[in-house]
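Residue numbers (this note's numbering), protein chains in the order written: chain A, 2 to 170; chain B, 1040 to 1137.
Have a look at the structure below before the remarks.
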Amino acid sequence: MISSLVIIFSALAVLSALMCSLSAKIIRTTFFFGVTLFLISFVFISIGSTMLGIIQILLYTGGTLILFLFAVILTADWDYNDLSQTFSSPIKALIISFFFFLITSYVFTNSETMKNLSLNFKLDYVPSSEVISTTLFKEWYPLLEIASILLLGTIIGCLTLLKLRKGDS
Amino acid sequence: MFWILIYSALLISSLGVFMLLSKKHILSLLIGIELILNGINLIFIVLAKSHQSYLADILIMFILVITACEVAVGLAIFILNQRLNKTIDIGDLKTLKD
């Protein structure tokens, strides 16, 4: 049951990422991007990382989608109408991304480490939220502080950028 | 199951690379970067499941923070470029420094 759910969610995530990359209008691209993020969160939840999946849905997907939607709304009059206008050099990009997929797949498939890891893969290992939170706040708190400083810097940087007007140095 | 998840993650990352290299709209490029990072997150979590470790959950939370910061700064630059230069094309981004 869980295995089939994981397969369905991952297949749908790939499909929506494909639709995202082939949409001409930016609003459709944003919509399919949101769907992809939700489906990846469902995959996380299905394989046992419930806390991470919920954080991804509540904080990351919600926050990122709102930001993207505001950007789309603010620039609503500026969009491409068809696929020929959207792409700059699609054939070159298709070849490079295909080779990227081929090379990474080849490396992953032929690696002994990955073969051993695939034998150890189990869906029944579910870490509790309590264990993750305790580790986060006891052992990884310097990273937590760095993340908060990074977020503060981002807020200040974005506000400074958006205050610029034509002619400002 | 392991390989299905790994190949799904690689496909999502490859589609992100395709978007990053082919699209002209700046928002599409940001979405391409997001897709690449989400594919990498999926690979991390699958490998952590094989190791019976929960540290990937913590690592991915920090990756999500960095990704959110990157999106916020990218969108600020996008809005600024559209306001100053009246364009959404990545090719015209170099005029922002003038």
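Virtual Cβ for every residue (Gly too), placed ideally from N, Cα, C.
All values reported here derive from a predicted model rather than from experimental measurement.
- Contact of A:Ser5 with chain B is not assigned, every C-beta pair being separated by 8 Å or more.
- When C-alpha distances from A:Leu19 are compared across B:Ile1102, B:His1064, B:Ile1075, the shortest belongs to B:Ile1075.
- Counting only residues of its own chain and dropping the five nearest sequence neighbours on each side, B:Met1100 has no CB closer than 6 Å to any other CB.
- Against chain B, the CB of A:Asn121 has a partner CB under 8 Å away; the residue lies at that interface.
- Distance from the CA of B:Ala1087 to the CA of A:Lys116, rounded to the nearest whole angstrom, comes to 14 Å.
- Annotated as distal: A:Leu163 and B:Leu1123, with beta-carbon spacing of 8 Å or more.
- Inclusion of A:Val7 and A:Ile58 in the CB contact set at 8 Å is not warranted, their separation being larger than that value.
- Interface criterion not met: the Cβ of B:Leu1076 is under 8 Å from no Cβ in chain A.
- Ranked by how close their Cα comes to the Cα of B:Met1058, the residues B:Ile1045, B:Ile1079, B:Val1085, B:Ile1072 have B:Ile1072 in first place.
- The beta carbon of B:Ala1095 is closer than 6 Å to those of Phe1083, Ile1084, Ala1087 in its chain, skipping five residues each way along the sequence.
- For the segment 5-31 of chain A, the residues whose beta carbon sits under 8 Å from a beta carbon of chain B are, in order, Val7, Ile8, Ser11, Ala12, Ala14, Val15, Ala18, Leu19, Cys21, Ser22, Ile27, Thr30, Thr31.
- Of the candidates A:Ser149, A:Thr37, A:Ser22, A:Thr155, A:Thr37 places its Cα closest to the Cα of A:Gly63.
- In this structure, B:Gln1121 lies away from B:Ile1129, with their beta-carbon atoms at least 8 Å apart.
- DSSP places A:Lys26 in the coil class of the three-state scheme, outside both helix and strand.
- Rounded to the nearest angstrom, the Cβ distance from B:Leu1044 to B:Leu1081 is 6 Å, consistent with a contact under 8 Å.
- Legend: CB atoms of the segment 134-152 of chain A lying less than 7 Å from CB atoms of chain B belong to residues Thr136, Leu137, Trp141, Leu144, Ala148, Leu151, Leu152.
- Distances from the CA of A:Val15 to each of A:Thr136, A:Phe39, A:Ala25 were compared; the closest alpha carbon is that of A:Phe39.
- DSSP places A:Glu131 inside the alpha helix (DSSP H), whose first and last residues are 130-139.
- Residues are counted here when their Cβ sits less than 9 Å from a Cβ of chain A; for the segment 1083-1097 of chain B these are Ile1084, Val1085, Leu1086, Ala1087, Lys1088, Ser1089, His1090, Gln1091, Ser1092, Tyr1093, Leu1094, Ala1095, Asp1096, Ile1097, given in chain order.
- With a cutoff of 8 Å on beta-carbon distance, A:Thr87 and B:His1064 are scored as near each other.
- For the pair B:Leu1114 and A:Tyr61, the CB atoms are not nearer than the 8 Å cut-off.
- Within the segment 62-81 of chain A, the residues whose Cβ lies closer than 9 Å to any Cβ of chain B are, in chain order, Gly64, Thr65, Leu68, Phe69, Phe71, Ala72, Val73, Leu75, Thr76, Trp79, Asp80, Tyr81.
- Residue A:Ile56 holds the alpha-carbon nearest to the alpha-carbon of A:Ile41 among A:Ile56, A:Arg29, A:Thr30.
- In the DSSP annotation of this structure, the continuous segment of the alpha helix (DSSP H) that includes A:Tyr107 starts and ends at 91-111.
- With a threshold of 16 other beta carbon atoms within 10 Å, A:Ala72 meets it and is buried.
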